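Asks:
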Amino acid sequence: MKKIWGKGLGVLLLSLLFITGCQSAGDNSSEEGANAEEEHNHSHEVEIGDAPEKINVEGVSDHYHTGDLIKLTAELEEDSEFDHWHWYTRNSSDDEWEAVPELDDNKFFGDAETNGQQIIAVMFNDDHEPYAQSEVIEVVIDDHGHEHGHSHAHDEESQQIYDGYFEDEQVEDRTLGDWEGDWQSVYPLHQNGTLDEVYAHKAEESDDMTAEEYKAYYETGYVTDVHRIVIDGNEVTFFEEEEEKTGEYQYDGYEILNYEAGNRGVRFIFKLEEETEGLPTYIQFSDHSIFPTDSGHYHLYWGDDRQALLEEVEHWPTYYPSEMSEEDIVHEMIAH
């Protein structure tokens with residue numbers, strides 16, 4: 006049911022964009038060497054309004070709920086020797102377009118946070134001129150999909166909720182359907198070094214920790230032997246090595262947690278219907294949402310002591326859709 010409504014270009018010319026150009030990284034005295042070793046920068050302005058709309062954007066759905074993952078793929082309608090991609094976003098048609106950092110191929114990953122946000126994909130030729138572009142895609146956030154009797158937060162308030170700032174009365178009960186699907190643990194990606202790129206990016210963006218310290222932090226958070234989880238209706242199946250165990254879980258309410266940083270979170274709790282060897286009595290979901298919405302990824306806590314799980318804040322096995330590739334997950338984490 007998630008979808009983005011695509012809008013055709015309503016104007017003949019888009020805003021001037023500060024986009025990534027190419028700058029020689031080789032010997033300036035050698036034109037061949039300079040062309041062979043280019044680095045991206047944002048050193049010049051380019052008009053892209055005249056580029057033909059020859060790019061189709063796949064991955065469309067009806068709408069998003071706040072915090073959902075936006076996952077798009079751009080495909081050129083014809084064969085081309087060029088592969089120089091950039092994505093641009095703006096919160097409304099009144100704002101300037103901004104290049105999305107780290108996204109330099111035909112895949113887009115981001116979170117649905119602003120209703121009306123616009124996205125466009127552009128391919129450049131070897132002269133750093135726009136060769137083709139997509140139509141403008143407008144993100145529609147609709148938090149009424151579960152037939153609530155009142156209006157949910159939008160825009161700035163939605164971002165506050167995602168960041169963990171909300172009122173108690175805004176929290177609503179959720180069903181296992183919000184997490185239905187086939188999910189993979191990210192711990193194997195942590196172990197094989199795939200996520201090192203993510204940790205390096207975090208270190209560049211923050212003065213708090215080095216990449217090595219981030220990796221140690223996430224080692225504690227991600228570690229788990231449960232490499233896959235499948236949720237179908239009320240049934241939850243845990244896959245651990247070659248074994249799988251399935252149990253039925255029923256909703257057991259939610260708990261609001263206050264964190265030392267000053268923000269808050271919500272755990273949505275489900276209890277095993279019949280005691281089964283090898284299955285936890287309680288599972289608790291945390292995914293930055295506080296009311297019904299399809300989850301893009303989640304942290305899961307499980308065990309037999311409901312209260313003890315609520316006090317666990319350092320170990321949070323994390324799961325993404327199994328259909329996502331390693332590259333997809335890295336892109337989404339960096340864009341997050």
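The working numbering puts the first residue of the sequence shown at 6, with every later residue one more than the last. Cβ atoms here follow ideal geometry from the backbone N, Cα and C, with glycine treated the same way. Here the structure is a predicted model, which means the values were calculated and not measured.
Can you list, in chain order, the residues of its chain whose CB lies under 7 angstroms from that of Asp168, leaving out five sequence neighbours each side?
Replies: Position 163 of the sequence shown holds residue 168. Only Asn268 meet the Cβ criterion.
Asks: Where does Glu118 land, buried or exposed, given buried means 16+ other C-beta within 10 angstroms?
Replies: Here residue 118 refers to the residue found at position 113 of the sequence shown. It is buried - the Cβ of Glu118 has at least 16 other Cβ atoms within 10 Å.
Asks: Which residues does DSSP list as the beta-bridge partners of Glu58?
Replies: On the sequence shown, residue 58 is found 53 positions in, with the first residue counted as 1. DSSP output for Glu58 lists Gln138 as bridge partner(s).
Asks: Is it the case that the Cβ atoms of Leu81 and Lys112 are separated by a distance below 8 angstroms?
Replies: Counting from one through the sequence shown, the residue named residue 81 turns up at place 76. Counting from one through the sequence shown, the residue named residue 112 turns up at place 107. Against a cut-off of 8 angstroms, the Cβ pair of Lys112 and Leu81 comes out as no contact.
Asks: Between Gln255 and the rest of its own chain, which residues show a CB-CB distance below 7 angstroms, the 5 nearest in sequence each way excluded?
Replies: Here residue 255 refers to the residue found at position 250 when the sequence shown is read from its first residue. Around Gln255: Asn239, Phe275, Lys276, Glu278.
Asks: In the region 236-285, which residue ranges form an unbroken beta strand (DSSP E) of at least 3 residues, counting only runs that do not cross its ends?
Replies: Taking only runs of at least 3 residues, the beta strand (DSSP E) segments lying wholly in the region 236-285 are 240-245, 248-263, 269-277.
Asks: Once you ignore the five residues that flank Gln164 on each side, which residues in its own chain have a CB closer than 7 angstroms to its CB?
Replies: For the purposes of this step, residue 164 is taken as residue 159 along the sequence shown, with counting starting at 1. Glu118.
Asks: Does DSSP put Thr323 in a helix, in a strand, or in coil?
Replies: The count along the sequence shown starts at 1 and reaches residue 323 at position 318. Thr323 falls in the strand class under three-state DSSP.
Asks: Assign Leu194 to one of three DSSP states: helix, strand, or coil.
Replies: Here residue 194 refers to the residue found at position 189 when the sequence shown is read from its first residue. DSSP places Leu194 in helix when its eight states are reduced to three.
Asks: Quick one: grab the DSSP three-state call for Gln122.
Replies: What you label residue 122 is simply residue 117 of the sequence shown in a count that begins at 1. Residue state, collapsed to three classes: coil.
Asks: Does Asp187 come out as helix, strand or coil in the three-state DSSP assignment?
Replies: Along the sequence shown, one-based indexing puts residue 187 at 182. Strand.
Asks: If you run the structure through DSSP and keep just helix, strand and coil, what is Thr78?
Replies: The residue you call residue 78 lines up with position 73 of the sequence shown. Here Thr78 sits in strand by DSSP.
Asks: Enumerate in chain order the residues of its own chain whose CB-to-CB distance from His155 is below 7 angstroms, with the five nearest sequence positions on each side excluded.
Replies: On the sequence shown, residue 155 is found 150 positions in, with the first residue counted as 1. Only weak support exists for where His155 lies, its pLDDT of 36 falling under 50; the value from the coordinates is given anyway. Cβ within range, chain order: n/a, list empty.
Asks: Would you kindly work out how many angstroms separate the C-alpha atoms of Ser330 and Gly301, rounded to a whole number?
Replies: Locating residue 330 in the sequence shown gives position 325, counting from the first residue. Locating residue 301 in the sequence shown gives position 296, counting from the first residue. Their backbone Cα atoms lie some 14 angstroms apart in a straight line.
Asks: List the whole-angstrom C-beta distance separating Ile234 from Thr225, where the pair is believed to meet the contact cut-off of C-beta under 8 angstroms.
Replies: Locating residue 234 in the sequence shown gives position 229, counting from the first residue. Locating residue 225 in the sequence shown gives position 220, counting from the first residue. About 20 angstroms separates the two Cβ atoms, so there is no contact after all.
Asks: Return helix, strand or coil for Tyr170, following the three-state DSSP convention.
Replies: As a position in the sequence shown, residue 170 is number 165, starting the count at 1. Here Tyr170 sits in coil by DSSP.
Asks: With a threshold of 16 other CB atoms inside 10 Å of the CB of Pro322, please say whether the residue is buried or exposed.
Replies: Position 317 of the sequence shown, counting from 1, holds the residue named residue 322. With 16 or more Cβ atoms within 10 Å of its Cβ, Pro322 is classed as buried.
Asks: Please report the Cβ distance between Asp116 and Ile75, rounded to the nearest whole angstrom; I am assuming they are in contact, meaning their Cβ atoms lie under 8 angstroms.
Replies: Residue 116 sits at position 111 when you count from the first residue of the sequence shown. Residue 75 sits at position 70 when you count from the first residue of the sequence shown. Contact flag correct, Cβ pair sits at about 7 angstroms.
Asks: Using CA atoms only, rank isn't needed, just tell me which of Glu260, Met214, Val141 is closest to Glu63.
Replies: The sequence position of residue 63 within the sequence shown is 58, counting from 1. Closest by alpha carbon: Val141.
Asks: Taking Thr225 as part of the alpha helix (DSSP H), name the residues at either end of that continuous run.
Replies: Working through the sequence shown from its first residue, we reach residue 225 at position 220. From DSSP, the alpha helix (DSSP H) with Thr225 extends over 216-227.
Asks: Which class does Asp309 belong to by DSSP, given the choice of helix, strand or coil?
Replies: Translated into the one-based positions of the sequence shown, residue 309 becomes position 304. Looking at Asp309 - three-state DSSP - the assignment turns out to be coil, as it is neither helix nor strand.
Asks: Leaving out five residues on either side along the sequence, give the residues of the same chain with a beta carbon under 7 angstroms from the beta carbon of Glu332.
Replies: Position 327 of the sequence shown, counted from the first residue, corresponds to residue 332. Cβ within range, chain order: n/a, list empty.
Asks: Residues in the same chain with beta-carbon distance under 7 angstroms from Glu103, minus the five sequence neighbours each way, listed in chain order, please.
Replies: Reading the sequence shown from its first residue, position 98 is the one you call residue 103. Within the same chain, Glu103 has close Cβ partners Tyr93, Thr94, Arg95.
Asks: Can you tell me which residues form a DSSP beta bridge with Gly291?
Replies: For the purposes of this step, residue 291 is identified with residue 286 of the sequence shown, where counting begins at 1. Going by the sequence as given, residue 291 is Ser instead of Gly. In DSSP, Ser291 forms a bridge with His304.
Asks: Pro326 and Arg179: beta carbons closer than 8 angstroms?
Replies: Taking the sequence shown and counting its residues from 1, the one referred to as residue 326 is at position 321. Taking the sequence shown and counting its residues from 1, the one referred to as residue 179 is at position 174. For Pro326 and Arg179, no; Cβs fall outside 8 angstroms.
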